[in-house]
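Enquirer:
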Amino acid sequence: MPHGTDNRQFSGCCTVSAVLKCETREDALARLGKALADPTRCRILVAVLDGVSYPAHLADHLGLTRSNVSNHLSCLRGCGLLVATYEGRQVRYAPADEHLARALGELVKVVLAVDTDETCLNG
């Protein structure tokens, strides 16, 4: 499929191209970095990748309040990392794309060698 012609169905009625704005690769990486900059969002994202998909279950699993989880899920949705599917009165969260899920799964497996004498930017 040529770049920019993604017409997969999104939320049951709209196509991806009609719902999502097109970003440059740099913008997409910056958005991903902002989403992953918060340790709680990282914990939530890893839990969703591991199959915990409902806000109440995430809150219980991670020892967080439901409102805290809800706020972070909203951010992860807004950043394009997760999608929500409504199942009656419940909302189920999942990675926005199978390629993204696979890439994040691989990223989680990466072991970084950290120089403890150097500080991370803004860290």
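For the sequence shown, counting from 1, position 93 maps to 93 in the UniProt record's numbering; every step adds exactly one. Heads up, the beta-carbon is just placed ideally off N, CA and C, and yes, glycines get one too.
Is the stretch 99-109 touching the stretch 59-74, taking contact as three or more C-beta pairs under 8 Å?
Expert: Touching, no, given that fewer than three Cβ pairs across the two stretches are closer than 8 Å.
Enquirer: Within the continuous alpha helix (DSSP H) that includes Arg102, where are the two ends?
Expert: Arg102 -> alpha helix (DSSP H) spans 98-109.
Enquirer: Can we say the stretch 50-65 touches the stretch 108-117, given the rule of at least three CB pairs closer than 8 Å?
Expert: No, the stretch 50-65 does not touch the stretch 108-117.
Enquirer: Starting from the C-beta of Pro95, find all residues in its chain whose C-beta is less than 8 Å away, skip the five residues before and the five after it, and write them out in chain order.
Expert: Val48, Leu49, Leu81, Leu82, Val83, Ala101, Leu104
Enquirer: Do you know offhand how far Ala37's Cα is from Gly88's?
Expert: 32 Å
Enquirer: How many angstroms separate the CA atom of His72 from the CA atom of Thr119?
Expert: 26 Å
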